[in-house]
Amino acid sequence: MSGGTAMAGHDTGRRARHRTATVTMVGMAVVVAPVAAACESPAPFYPPGAGSPDAPVIGLGGPAPYIRSPSPAPDATRRTRFRSPAGEGAPAAGVYAATAPGRLEPAVRRLPARLFVPNGRTGTIDVVDLRSLKVIGRLPVGGTPRRIVASWDLRRLWVIDGHDGTLVPMSPRSGRRGRPVKVGGQGVRLYFTPDGGEALVLTGRPGRIELRDPLTMRSRGRMRLPCDGAEHADFSVTGTFMVASCTPSGRLVRVDPALREVTGTLELPRGSAPGSVRLAPDGRSFYVADSAKGGVWVIDALAFTVRRFMPTRPGAYGLTFSRDARRLFVLGTGTLSAIDLAARRVAAHWRLPGGGSPEPGGISSDGTALWLCEPRTGVVYAMSTRTGRLVHTARVGGVPQGMIVYPQPGRHSLGGTSIYR
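In numbering that gives the first Met the number 0, the protein residues as written are 0 to 420.
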């Protein structure tokens with residue numbers, strides 16, 4: 000018995016030493032791996048929001064939007080099954096509950112209110128102070144800046160070159176810009192999945208989606224779309240799918256970003272030219288502007304079918320929700336229409352100063368003004384969201400396009416034309 004006990008003690012000690020050695024080796028692996036990685040790349044890594052705008056970034060895990068966990072590998076996401084849009088309705092507070100007046104995230108709360116205006120003629124970003132309505136800076140970015148999109152975590156601005164499809168990161172705090180990233184294609188639009196895991200670059204022509212890391216914009220692959228000219232899009236409540244409009248062919252496409260597949264197409268009536276796409280506040284419909292038909296299509300998010308058409312004015316092309324998400328503003332040729340969402344009718348039509356087809360820049364943080372820019376005259380101006388009257392004007396000169404009002408309320412940015420949630 001004593002010999003058996005001694006042997007058992009010997010085996011127990013050996014197993015204990017084996018476990019200790021195993022734990023030690025695992026610990027060494029954890030320590031050695033970053034060291035080896037650091038030897039391979041001398042560039043420093045930072046958590047999101049730290050370092051320069053163009054510095055390489057690594058997710059360290061933790062709650063969004065400050066620190067993002069690494070995205071699953073592409074082969075893991077490909078195994079994810081397409082989930083039905085059933086149950087995609089918004090929570091009781093609504094899709095845009097976090098974008099109410101003044102609800103700024105800590106990351107942008109102390110930023111002064113500015114307009115960042117891409118100027119294709121001068122190759123600069125013109126910065127307008129919203130208090131003085133004066134141009135207080137011109138930031139050289141080169142090329143032909145066409146539009147600006149806030150990053151998912153709200154800490155950076157991405158400047159999109161309209162000529163060669165280049166993305167340039169820029170700090171909204173210092174104005175410092177980082178290294179350009181070439182994505183190619185024309186009519187480039189930048190979006191972010193609601194969970195912040197992917198950046199989706201719609202190239203317009205050729206019709207495809209570039210999947211990229213949302214922090215570094217490194218390529219993760221691409222997927223072909225069944226139509227060209229897809230520039231406008233929005234996501235379902237959970238981000239299970241995205242709906243994009245193909246203007247030239249009059250079609251809508253539904254895309255599963257996880258599977259990287261087109262899961263549905265919808266042909267609109269003959270002669271349609273769908274443009275801006277926005278998810279309804281209840282999450283059960285998509286609104287799609289149609290410049291050819293002069294109104295807005297209401298698309299059932301569950302069935303992916305047409306519910307109804309709401310005529311507004313000729314040339315309807317841009318959609319923006321009011322801060323309380325009770326009205327939908329529709330930009331048309333020389334007009335601004337306001338749709339009462341509860342009553343499902345057009346509540347007002349207002350004429351735009353000078354007519355034309357200005358580009359939307361976003362609603363002011365307090366929700367009182369809708370900012371627009373007019374490339375023909377070099378002017379940016381604001382319309383009252385209550386009365387439709389002209390309330391602010393600022394001259395920047397050149398060819399202002401695709402500007403952004405910043406900062407904006409919301410937990411994160413989905414890109415596009417000032418889409419926040």
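Idealized CB from N, CA, C, for every residue including glycine. None of these values were measured; they are calculated from a predicted model.
Boundaries of the beta strand (DSSP E) in which residue i is found, first to last residue
i	result
residue 173	Element bounds for residue 173: n/a, residue is neither H nor E.
residue 414	412–414
residue 305	304–310
residue 348	344–350
residue 336	334–339
residue 151	Counting along the chain, residue 151 falls outside any beta strand (DSSP E), and DSSP gives it neither H nor E.
residue 299	294–299
residue 358	358–362
residue 107	First-last for residue 107: undefined, no H or E at that position.
residue 326	326–331
residue 319	317–320
Bridge-paired residues (DSSP) for residue i
i	result
residue 380	371 and 392
residue 185	203 and 204
residue 209	200 and 221
residue 241	234 and 254
residue 168	157
residue 135	Answer is none; residue 135 lacks a bridge partner.
residue 125	116 and 137
residue 405	113
residue 190	199 and 414
residue 229	203 and 245
residue 419	412
residue 398	Paired residue(s): none; residue 398 is not in a bridge.
residue 428	The requested residue 428 does not occur in the structure, where the chain is confined to residues 0 to 420.
residue 144	160
Local Cβ density within 10 Å of residue i, reported as buried at 16 or more and exposed below that
i	result
residue 407	buried
residue 423	It is not possible to answer for residue 423, since the shown part of the chain is limited to 0 through 420.
residue 133	exposed
residue 260	exposed
residue 153	buried
residue 173	exposed
residue 217	exposed
residue 181	exposed
residue 111	exposed
residue 257	buried
residue 131	exposed
residue 413	buried
residue 8	At residue 8, the pLDDT of 46 sits below 50, so the modelled position is not reliable; the number obtained from the coordinates is stated separately. Residue 8 should be labelled exposed.
residue 411	buried
residue 365	exposed
residue 346	exposed
residue 34	Caution is warranted here: a pLDDT of 35 is assigned to residue 34, below 50, making its placement in the model unreliable, and no coordinate value can be reported.
residue 105	exposed
residue 388	exposed
residue 233	buried
residue 386	exposed
residue 312	buried
residue 162	exposed
residue 302	exposed
residue 324	buried
residue 381	buried
residue 358	buried
residue 98	buried
residue 353	exposed
residue 117	buried
residue 123	buried
residue 238	buried
residue 361	buried
residue 125	buried
residue 24	Below a pLDDT of 50, predicted positions are generally treated as unreliable, and residue 24, at 39, falls in that range; the measurement from the model is reported next regardless. With fewer than 16 other Cβ atoms within 10 Å, it is exposed.
8 Å contact criterion, which residue i and residue j should meet: CB distance rounded
i	j	result
residue 120	residue 379	Not quite, the Cβ-Cβ distance comes to about 14 Å (not below 8 Å), so this is no contact.
residue 316	residue 249	Incorrect: roughly 14 Å between the Cβ atoms, too far for contact.
residue 228	residue 203	6 Å
residue 93	residue 281	7 Å
residue 336	residue 314	Contact doesn't hold; Cβ gap of about 11 Å is too wide.
residue 164	residue 184	5 Å
residue 223	residue 211	Contact doesn't hold; Cβ gap of about 16 Å is too wide.
CB contact below 8 Å: residue i versus chain B
i	result
residue 308	No chain B appears in this structure, which consists of one protein chain only.
Which residue spans inside the region 243–290 form an unbroken beta strand (DSSP E) run of at least 3? 250–255, 260–266, 273–278 and 284–289
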